[in-house]
Amino acid sequence: MTTSEIFADATESKGEAVIEVDGVDKYFGDFQALEDINMRVGLQEVVVVIGPSGSGKSTLIRCINRLEKHDRGRIAVHGIELSDDVRNIQEIRRETGMVFQQFNLFPHLTVLENITLAPREVRRMPKKEAEDLAMEQLTRVKIPEQARKYPGQLSGGQQQRVAIARALAMRPKVMLFDEPTSALDPEMIKEVLDVMVELAEAGMTMIVVTHEMGFARAVADRVVFMSDGQIVEVGTPQHFFTDPREERTKLFLSQIL
Amino acid sequence: MTSVESRPPPTLDRRNALAWAAHRLFPNVRSGILTVILIPLLGYLAYRVFLFVAVNGRWEVVERNLTLFMQGTFPRDEQWRIVAQIVLLALAAGIGAGTASASAHDRAIEAGLPFTRSGSLDLIRRFWSVIGFVLILLYFASTTTPWLVAAGTVASFVVGLAARFLPTSWRNVGWALMALALVAGFQVVSGTSGRAWIISAVLVALGLLSVVSFEGLAKGWARLGGRTAVALGASAVVFLIYSNVVDPGVGWDAWSGLHLTLWVSALAIVLSFPLGLMLALARRSSLPALRGLATGYIELIRGVPLITLLFMGQFILVFMLPTGSNLSDISRAIAAMTLFTAAYVAEIVRGGLQSLPTGQTEAGQALGLAPPTTMRKIILPQALRAVIPAMVGQFISLFKDSTLLLIIAINEFLGVRSLVHAQADFRAVAHAETLVFAAFGYWAFSYAMSKESQRLEHRLRVGER
């Protein structure tokens, strides 16, 4: 078996599986957004999901923390299976951090309050402790000096880094990134990607939906290509960018590279 | 964040009036013609107003009936109660302002921002319309009593401001003291007999619930239990006090004049807000029954004029309530106004909730916050902030709609006029003076409310984002 084929199947993962997705279908009305998705993500693995818009990439990761409800199949995070039980969903969301395309910071709270809100409300952490934790995460994303400002006073890149710090403050086991750099001005993309690269190097398990092929090439353990709600091809970046097999993958890559 | 500070300073020399006039009044031919037409018109209007106010107006009718306008048919020998109420409410306002200022100071220090305390000049600028109204009242006053009351009010407010010096950990005590002064201010007129203790107990209990946080207890249910116990204990204490100090007071069927107008409006505003909020949330609920009920209620009430609700309150509510419960006319009027305004508040709040991007809810969910927490900490603060102007507008119209009470034979501020013009001395007098006086009174309070809403809006930075 050559290296390019080791993870060629989406249902295998490096080491113990943290996220398991088995036979998942998702419909929006009559439109089928996801079709028989099977996927495993292992501990400390970075999976980059790419594909044309409308291919179901975002829907897939939004199903993992139940921002969308899947219609068929099974999703489990850290062995906890997603069900309709509210407590179960809450538990999975606590283990899963998410970063959105539009940042979705809370504009009425300061940066510090944005980050401390969830640890204080969900983990019942005392204020002082939560603030120390927040400062630690802000240092990690390199903007501790912005703690007392409001999100509206920050640049897009800084806002997205605050959003990452906010998700990290819950000490998640998995991080989901939903096109984190798509709403940013070009000169700010790098500062966000740098933070994500460091996060990956620190061993965070990540699923990243992105159009940043450079990031995929440099950081991804596996690249998943989706089209029309299906997983079309999976492989290491090396395999993926040099020797894609499927026609749809080749077409997509020829359009964006 | 771009701010107005970047606007260039005016380049015109203010001392040069001619240049100013040329630039502002006659910048081109068309504006020049408008200026030529409008200035004499406005001048004539101003002259007529001046003539009416200073020369032709016979203000004796207001002067001699000042007490009637203020407190209506309130028993004259119980007047001290209203005076005590004004002083207590001023104390409450002072404590509130002091505590608010101190906590703003704390927050600014914590955030490392500069803090400038607003001075008394600021207060005058905020409430100049009401202060002007009070000054006119004092001008009309024929005895020294109103002056003493005004002085006492100011003094009591200043004393209350001392709450600023309470240590930070006592901040909630400041709020509790304010609530106590408010309750006391209400009860000094309405008395402590009957079921008055229930309202007071509820208020005191709510106050204590927010003051006593039991931070030391780790478990949520233990905290809740402790706070509930404190609240129940406080209710019992209030009941004991009230059952020993029986003061019949003056039931609010005897209240009238501006005194009644202000209380009815304040109570209806305070009660309709939480009710409207609950209706708005119910209308967005995922439970069909709750949603249907809320929608039905809102659409029903919004389809009915307030005056019909007031009439129904007087004539139909009697049959729907259990026999023996005799709600006073004024209680029923307050209920009708509350139920009416709540429907509008609900729609305003719903608009605010809908104006938020779904990403806000999703971000809360993704962090693992429970739905009620997301609502309380993320959605509502933003939604309510966005609807402050509309909501205050609704409250101002409620304040003015309180004049409708005169149709159901309750003599509020405007209704007192009928008593005035029934007097032998003023039967033949034209109504203009009393109308202008009443209109000015309503304007003074409405304008203050509007100004405060703008200030709140500015402080919470609604325009940002």
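Residue numbers (the working numbering), protein chains in the order written: chain A, 0 to 256; chain B, 15 to 479. The beta carbon of each residue, even a glycine, is placed where N, CA and C say it ideally should be.
- Counting other Cβ atoms within 10 Å of its Cβ, Gln408(B) reaches 16 or more and is therefore classed as buried.
- With the criterion set as a beta carbon lying under 8 angstroms from some beta carbon of chain A, the members of the region 350 to 376 of chain B are Pro371, Gly373, Gln374, Glu376, in sequence order.
- Within 10 angstroms of the beta-carbon of Val284(B) lie fewer than 16 other beta-carbons, which makes it exposed.
- Only exposed fits Met334(B), as fewer than 16 other CB atoms lie within 10 angstroms of its CB.
- Residues of the same chain with a CB within less than 6 angstroms of the CB of Ala182(A), apart from the 5 flanking positions on each side, are Gln100, Gln101 in chain order.
- Look at the beta carbons and you see the region 198 to 215 of chain B not touching the region 177 to 187 of chain B: under three pairs across the two are nearer than 8 angstroms.
- Nearest in C-alpha terms to Thr113(B), of all of Leu152(B), Leu103(B), Gly188(B), is Gly188(B).
- The three-state secondary structure of Asn37(A), taken from DSSP, is strand.
- Of all residues in the region 380 to 400 of chain B, only Ala380, Leu381, Gly382, Leu383, Ala384, Thr387, Lys391, Ile392, Pro395, Gln396, Arg399 place a beta-carbon less than 8 angstroms from a beta-carbon of chain A.
- Contact between Val207(A) and Phe176(A) holds: their C-beta atoms lie close to 4 angstroms from each other, under 8 angstroms.
- For the C-beta of Ala125(B), the chain A residues within less than 8 angstroms are, from N- to C-terminus, Thr109, Arg147.
- Ranking Met405(B), Gln396(B), Phe171(B), Leu149(B) by CA distance to the CA of Leu80(B) puts Leu149(B) first.
- Identification of residues in the region 87 to 101 of chain A having a C-beta nearer than 7 angstroms to some C-beta of chain B yields Gln89, Arg92, Arg93, Met97, Phe99, Gln101, given in sequence order.
- No Cβ-Cβ contact shorter than 7 angstroms links Ile36(A) with Arg65(A).
- Rounded to the nearest angstrom, the gap between the Cα atoms of Ile230(A) and Ser54(A) is 9 angstroms.
- Per DSSP, the unbroken alpha helix (DSSP H) holding Glu313(B) starts and ends at 302 to 316.
- Taking all protein chains shown into account, Arg165(A) has 16 or more neighbouring C-beta atoms within 10 Å of its C-beta and is therefore buried.
- The alpha carbon of Ala453(B) has as its nearest neighbour, out of Asn30(B), Val216(B), His472(B), Val430(B), the alpha carbon of Val430(B).
- Its chain contains Val148, Leu152 as the residues whose beta carbon lies nearer than 8 angstroms to that of Ala164(B), once the 5 sequence neighbours on both sides are disregarded; these appear in chain order.
- Cβ-Cβ distances below 7 angstroms link Thr388(B) to Thr375, Gly378, Gln379 in the same chain, with the five nearest sequence neighbours on each side left out; the list follows chain order.
- Within the model, the alpha-carbon separation for Ala360(B) versus Leu291(B) is close to 6 angstroms.
- Your pair Val191(A) and Gln159(A) checks out as a contact, with CB atoms roughly 5 angstroms apart and the cut at 8 angstroms.
- Bounds of the alpha helix (DSSP H) holding Ile410(B) are 402 to 415.
- Boundaries around Ile145(B) are those of the alpha helix (DSSP H), 142 to 154, since no beta strand (DSSP E) includes it.
- With 16 or more neighbouring CB atoms inside 10 Å of its own CB, Thr115(A) falls in the buried class.
- When only Cα atoms are considered, Glu447(B) and Arg131(B) end up about 41 angstroms apart.
- Within chain B, the residues whose beta carbon sits less than 9 angstroms from that of Val121(A) are Leu381, Gly382, Leu383, Ala384, Thr387, listed in sequence order.
- With contacts defined as CB atoms closer than 7 angstroms, Ser279(B) and Phe83(B) fail to qualify as a contacting pair.
- When secondary structure is reduced to three states using DSSP, Ala280(B) falls in the helix class.
- Looking at the DSSP output, Lys25(A) bridges to Leu33(A).
- Not one beta carbon of chain B lies nearer than 7 angstroms to the beta carbon of Leu183(A).
- Look at Gln254(A) here: in three-state DSSP terms it is helix.
- Between Ile393(B) and Phe325(B), the alpha-carbon positions lie close to 38 angstroms from each other.
- Residue Glu94(A) holds the alpha-carbon nearest to the alpha-carbon of Met205(A) among Glu94(A), Ala32(A), Asp29(A).
- For Leu175(A), the uninterrupted beta strand (DSSP E) segment begins and ends at 173 to 177.
- At a beta-carbon threshold of 9 angstroms, none of the residues of chain B lie near Leu132(A); the nearest stands roughly 14 angstroms away.
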